[in-house]
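For the sequence shown, our numbering assigns the number 258 to the last residue and increments by one with no breaks. Yeah, the Cβ is synthetic: ideal placement off N, Cα and C, and Gly gets one too.
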Amino acid sequence: MSCDTAAVRLRLDAALAGVAMSFCGMTARPDESNCECHWGSAEELALLKTPDTELDPDLLYRTWSACDWKDHAAVLRRILPQLTCALVRGHVDVGHFAEEVGRSFALGEWQQWPAQQRAAVREFLCAWWAHTLVEPDPMAPAHDVFVVCAEASAGVGPWLSVWQATDHPAADRHLAEAVDRWEYDLLCDELPWNAWDNKDDMCRELAQWLAQHAPARLRSHGAPEPLIHRIGLLGLSHPDRWEDPLLDAYRF
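Listed below in structure tokens is the structure:
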């Protein structure tokens, strides 16, 4: 996995261009509708049926966050060029809306789209994730981008594989920050976010991966030994984990 920041940035730029090309001219269905009281006006709805028209940030937010479209896939395709750029540029508060952004992708069932379209979405997610891992100060925290990608694809495996293959100080620091946020829930066998699908499988896979791969990287990053020890316990069964004497001093 390339750790050249410039090369990874070029890949992300190319992925954004690929999304723009693949979804150019897309519109919502002519009969698409939504509640004027809760979503927006008829004039705003008409913009979704007009191709390649920029939406203001508030309308973009209301569009991707709504979950009651007749054809969510068509609406998502309409806004993807603008939404992907907004995510990369920090114009969407991924820190507060990671699950919701990922869920919007999932509701669109993009993995069932025609080959060119689904390839463009997959490459965007992969390129955004790869760039986030090597960026010392990314627009959105890596653990939140991870959640977007996991929710969008209903799985954690591909994103963990990229993390494992990225040998970079920034990736290690992002891992330490993620572990600090996730360890409490994972020690209680809970996924650290509200998943749309595959919650139990993702929790098990994430815990096992961290137990196997995180301790050495955390140690090289200078993380405290008690934290490293607790992460190692994620590889044990729940009863065995709680027999560890060091957890007695860790308040739950």
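Cβ neighbour criterion (16 or more within 10 Å) applied to E249: To locate residue 249, count along the sequence shown from 1; it is residue 243. Exposed: under 16 other Cβ atoms inside 10 Å.
Which value, in whole angstroms, describes the spacing of the CA atoms of R109 and D143? What you label residue 109 is simply residue 103 of the sequence shown in a count that begins at 1. What you label residue 143 is simply residue 137 of the sequence shown in a count that begins at 1. Roughly 25 Å separates the two Cα atoms.
Restricting to Cα atoms, I'd like to know which of W215, R84 and G163 is closest to E38. Residue numbering aside, residue 38 sits at position 32 when the sequence shown is read from its first letter. Here the closest residue by C-alpha is R84.
In the stretch 95-128, which residue ranges form an unbroken beta strand (DSSP E) of at least 3 residues, counting only runs that do not cross its ends? Those beta strand (DSSP E) runs which fall completely within the stretch 95-128 and span 3+ residues do not exist here.
Quick one: grab the DSSP three-state call for D77. Position 71 of the sequence shown, counting from 1, holds the residue named residue 77. It is coil, neither helix nor strand.
Per the contact definition of three or more C-beta pairs closer than 8 Å, is the stretch 86-96 in contact with the stretch 17-30? A contact exists between the stretch 17-30 and the stretch 86-96.
If we require 4 or more residues per run, which alpha helix (DSSP H) segments fall completely within the stretch 19-54? As far as the stretch 19-54 is concerned, its whole alpha helix (DSSP H) runs of at least 4 residues are 48-54.
If we count Cβ pairs, one from each stretch, closer than 8 Å, do we get three or more for the stretch 57-64 versus the stretch 110-117? Because the criterion of three Cβ pairs below 8 Å is not met, the stretch 57-64 and the stretch 110-117 do not touch.
For L22 and C132, which I take to be in contact (beta-carbon distance under 8 Å), what is that distance rounded to the nearest angstrom? One-based indexing of the sequence shown puts residue 22 at position 16. One-based indexing of the sequence shown puts residue 132 at position 126. Their Cβ separation, rounded to whole angstroms, is 12 Å, which puts L22 and C132 out of contact at 8 Å.
According to DSSP, is M145 part of a helix, a strand, or is it coil? Start at 1 with the first residue of the sequence shown, and residue 145 comes out as number 139. Of the three classes helix, strand and coil, the one that applies to M145 here is coil, per DSSP.
Proximity winner among L239, H44, W165 and S226, relative to Q214 (alpha-carbon distances): Within the sequence shown, residue 214 is the residue found at index 208, counting from 1. Selected option, being the one with the closest Cα: L239.
Report the residue from V162, L197 and E141 whose alpha carbon sits nearest the alpha carbon of P175. In the sequence shown, the residue the question calls residue 175 occupies position 169. Nearest in C-alpha terms to P175, of all of V162, L197 and E141, is E141.
Can you have a look at N40 and say buried or exposed, based on whether 16 or more other CB atoms are within 10 angstroms of its CB? As a first step, residue 40 is located in the sequence shown; it is residue number 34 there, counting from the start. Per the 10 Å Cβ criterion, buried.
Taking only three categories from DSSP, how would you classify T56? If you number the sequence shown from 1, residue 56 lands on position 50. Three-state DSSP puts T56 in coil, outside helix and strand.
Return helix, strand or coil for Y87, following the three-state DSSP convention. Position 81 of the sequence shown, counting from 1, holds the residue named residue 87. The question names Tyr, but residue 87 is Pro in the sequence shown. Looking at P87 - three-state DSSP - the assignment turns out to be helix.
When the Cα atoms are used, what is the spatial distance from E211 to P63? Taking the sequence shown and counting its residues from 1, the one referred to as residue 211 is at position 205. Taking the sequence shown and counting its residues from 1, the one referred to as residue 63 is at position 57. Using only the alpha carbons, I get a separation of about 36 Å.
Selection from P147, W75 and W165 that minimises the alpha carbon distance to P36: Position 30 of the sequence shown, counted from the start, is the residue given in the question as residue 36. The shortest C-alpha to C-alpha distance from P36 to any of P147, W75 and W165 is the one to W75.
Beta carbon of F152 nearer than 8 Å to that of A182: Locating residue 152 in the sequence shown gives position 146, where the first residue counts as 1. Locating residue 182 in the sequence shown gives position 176, where the first residue counts as 1. No, they are not a contact pair.
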